[in-house]
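Worksheet: one structure, shown below.
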Amino acid sequence: MLEVRLLLEPAAARRSAERASLKQVAGLRRMLEEMAELEGGNGLMAYGAFGLRDAAFHDLVALSAENQVIRETLARLHTHVHLFRLLHDTQVTHLAMAEHEEVLAAVAARDPDAAAYAMRRHILLSGERFRRLFDEVKDADGIA
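For reference, each letter of the sequence shown is one residue, going 53 to 196 in the working numbering.
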């Protein structure tokens, strides 16, 4: 999943920086504001709501890229649904917010290279976070 995301999402962010309307950039900003309200919220409900908005943020980037194939492919992966359902770690929300802000800043600045870089970095860091959490769970299971 990570490898597919690395192929598609930086390309989507690049195109978003080139093609996003002001309304779409404002929509991305609103989505981050909603996520910020949920960041650090207690319980699975807040975490789940954050995960849904995280997925929506990535979908808005793909939508504003105006490439339906990339958008549909990412939607079929349901990446965020799988990841956020598997693990509950509020640190993930805090770190993802800063990375999303970098993507948005690059899209809003109409900087395709920075947008692609920020998205690639976000996906790589996200992959490391989840891999580390999976390893911790696996280690804990091995001890029990």
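Don't be surprised by glycine CBs; every beta carbon is placed ideally from N, CA and C.
For Arg71, which of helix, strand or coil comes out of DSSP? Residue 71 sits at position 19 when you count from the first residue of the sequence shown. Three-state result, Arg71: helix.
By Cβ distance, which residues of its chain are closer than 7 angstroms to Ala101, with the 5 residues on each side in sequence left out? Numbered from 1 along the sequence shown, position 49 holds the residue referred to as residue 101. Cβ within range, chain order: Leu90.
Beta carbon of Ser68, beta carbon of Ala167: below 9 angstroms? Within the sequence shown, numbered from 1, the residue matching residue 68 stands at position 16. Within the sequence shown, numbered from 1, the residue matching residue 167 stands at position 115. Their beta carbons are under 9 angstroms apart, which means Ser68 touches Ala167 by this criterion.
Can you say whether Ser116 is buried or exposed, counting buried as having 16 or more other CB atoms within 10 angstroms of its CB? Along the sequence shown, one-based indexing puts residue 116 at 64. Buried: at least 16 other Cβ atoms inside 10 Å.
Per DSSP, what kind of secondary structure is Met53 in: helix, strand or coil? Start at 1 with the first residue of the sequence shown, and residue 53 comes out as number 1. It is coil, neither helix nor strand.
Enumerate, from N- to C-terminal direction, the unbroken alpha helix (DSSP H) stretches of 4 or more residues contained entirely within the region 80-131. 95-116 and 120-129
State the DSSP-derived secondary structure class of Arg162, mapped to helix, strand or coil. If you number the sequence shown from 1, residue 162 lands on position 110. Arg162 falls in the coil class under three-state DSSP.
Under a Cβ-count criterion, where at least 16 other Cβ atoms within 10 Å of its own Cβ denotes burial, should Arg57 be classed as buried or exposed? Within the sequence shown, numbered from 1, the residue matching residue 57 stands at position 5. Arg57 comes out buried.
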